[in-house]
Amino acid sequence: MEYTSLLTLIAIILGFMMAWAVGANDVANAMGTSVGARVLTIKQAVVLAGVFEVLGALLASDNVTNTLSRGLVYFGHLNNPDVFITYGMISALAASATWLILATFMSWPVSTTHSIVGAMLGYGCFVAGVSNVNWKILINVFLSWIVTPSISAVFSALIFISVKQLILNHESPDVRAKKIVPIYLFLISLVIVFISLSIGWPSDGDHVVSLIESTIGISLVITFIGYRIIRKIKTKKLVEHTDYVNAYNHVERMFGVLAIFTASAMAFAHGGNDVANAIGPLARVIVTLHPFYRDQFPYWITCLGAFGVVTGLSMYGYKIIKTIGNKITALTPIRGFSAQFSTAFVVVSSSALGLPISTTHTLVGAVIGVGFVGGLGALDFRVIRGIFLSWFITLPAGAILSIIYFELLTSLLHQSF
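So this is what it looks like as structure tokens:
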């Protein structure tokens, strides 16, 4: 193919820009609630997110990457399909990165998944025609965008209600919390670790047993660490009203510890699902231009994506963190924990299934679910309306921009089809 070296360089630069934009706009999903609940500072959130985003990208992103890099549009019937794929994927990366950077500047927590899927769908329909879209996969993706926020909202509300019933309504909530919070931590660890390890784990009998053993072992270690931290928080028998206030503050501190674990799980889940938004199209370009990568996935692409995400978060992610952490509804460590656990569970499950869902939708759904338990007055519908409007614009914006970039790129490189 003509311009192989130039196209490779352009794709790598745009892939990094896309990963940067994902970090600037989307990693707030993992840390926004913890910062909003004052469990973590923004600097602490950046460090924690960086570590677990990289782990999630390296260990759990393959299924989603495969869906985005291979499954949405069929180009085999065209002359020189590799040329269409290369130019199209580069255009999709440019379009999605442009929209995400604009959205970040406007403090809109838009969906990076919507952006890249819209961009790929736009140029795909323009080049290959609507009839060559893999509608079965696409419908599953669209349905997941509707279903996952709803599930996350209900699940987060149920978690928050369970905390109120089991702990906050007890006569000594802080004493009660010391017994119940480690159970929550063990359950969280069990679910997240099991689903995360099961991605790519062999499914025969012996390996399943080792998977279960590994899951329980890791979960017990995490729970033990959390329990040792929680034990240091003082509790006492309640006598006066001020004691109840202090006890409630102690409970919030315990859930602050728990929220750090769930924030880490969220960052891991996000790395597994959303880093693929940047590296999926880039991987398709690299494999198309350099066929020797077809037998072995170029994992340096995953490392590049993870580095780009962390860079974007550290440079500009604070804007979206403030929107999710402070503006939708008032967040406390308990509310933040409920939203994060719900989101992490839904996102990691979707990564295991290979569904490129919207982490943004899932988290905002969870935050709304928690806020709804406190009554409609606890929700800022003006902010929610703006977020929903930006969601609806994202898909067509990505599609239109990708067509524009496709035409521009082919004109500049004198490529005719």
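Under the working numbering, the first residue of the sequence shown carries the number 801, and numbering increases by one thereafter.
Backbone N, C-alpha and C fix where the C-beta goes; we use that ideal spot for every residue, glycine too.
Note that the structure is predicted; figures quoted are calculated from it, not measured.
- For Val910, the secondary structure class from DSSP, reduced to helix, strand or coil, is coil.
- In the DSSP assignment, Val947 falls within the unbroken alpha helix (DSSP H) covering Trp935 to Val963.
- The three-state secondary structure of Val873, taken from DSSP, is strand.
- When rounded, the separation of the alpha-carbon atoms in Arg1135 and Leu1209 is 47 angstroms.
- In the three-state DSSP reduction, Leu1163 falls in the helix class (H, G or I).
- About 7 angstroms separates the Cβ atoms of Ala1067 and Leu848, confirming a contact at the 8 angstroms cut-off.
- DSSP places Thr1132 outside any alpha helix (DSSP H), giving it a letter other than H or E.
- Of all alpha-carbon atoms in Pro1133, Ala1083, Ile961 and Glu971, the one lying nearest the alpha-carbon of Ala811 is that of Ala1083.
- Setting aside the 5 residues that flank it on each side, Tyr874 is surrounded in the same chain by Asn932, each with a C-beta closer than 6 angstroms to its C-beta; the list follows chain order.
- For the pair Pro982 and Tyr1027, the CB atoms are nearer than the 8 angstroms cut-off.
- Gly856 and Gly1071 have their C-alpha atoms spaced approximately 4 angstroms apart.
- When only Cα atoms are considered, Val822 and Glu971 end up about 45 angstroms apart.
- Looking at Lys936, Val1173 and Gly1105, the one whose alpha-carbon comes closest to that of Asn1077 is Gly1105.
- If you look at Asp882, you'll find it in the alpha helix (DSSP H) that goes Pro881 to Phe905.
- Remark: C-beta atoms of Ala1139 and Val1051 do not approach each other more closely than 8 angstroms.
- By the neighbour-count criterion, in which 16 or more other beta carbons inside 10 Å mark a residue as buried, Glu1013 falls on the exposed side.
- Taking a contact as a CB-CB distance under 8 angstroms, the pair Ser1064 and Thr1023 does not count as one, their CB atoms being some 14 angstroms apart.
- By the C-beta criterion, the segment 1086-1100 is judged not to be in contact with the segment 1156-1176, since fewer than 3 inter-stretch pairs fall below 8 angstroms.
- The C-beta separation of Leu806 from Thr886 comes to about 11 angstroms, leaving the pair out of contact by the 8 angstroms criterion.
- Considering only Trp820, Val846 and Met817, the residue with the shortest C-alpha distance to Met831 is Val846.
- The closest CA to that of Phe1055, considering only Ser834, Asp826, Met818 and Gly815, is found on Ser834.
- Distance from the Cα of Trp935 is smallest, within the candidate group Leu872, Ser950 and Val993, for Leu872.
- Sequence-distant partners of Leu1195 (beyond 5 residues in either direction) whose C-beta falls short of 6 angstroms from its own C-beta, in its chain, are His914 and Gly918.
- In terms of CA proximity to Pro881, Thr1088 leads the group Thr1088, Gly1117, Thr1111 and Trp945.
- DSSP, read as helix, strand or coil, puts Leu1212 in helix.
- Taking a C-beta distance under 8 angstroms as the contact criterion, Ser956 and Ile1157 do not qualify as a contact pair.
- Remark: C-beta atoms of Val954 and Ala1069 do not approach each other more closely than 8 angstroms.
- For Tyr1116, the CB contacts under 7 angstroms within the same chain, skipping 5 residues up- and downstream, are Ala824 and Thr904 in chain order.
- Around the beta-carbon of His877, fewer than 16 other beta-carbon atoms lie within 10 Å, marking it exposed.
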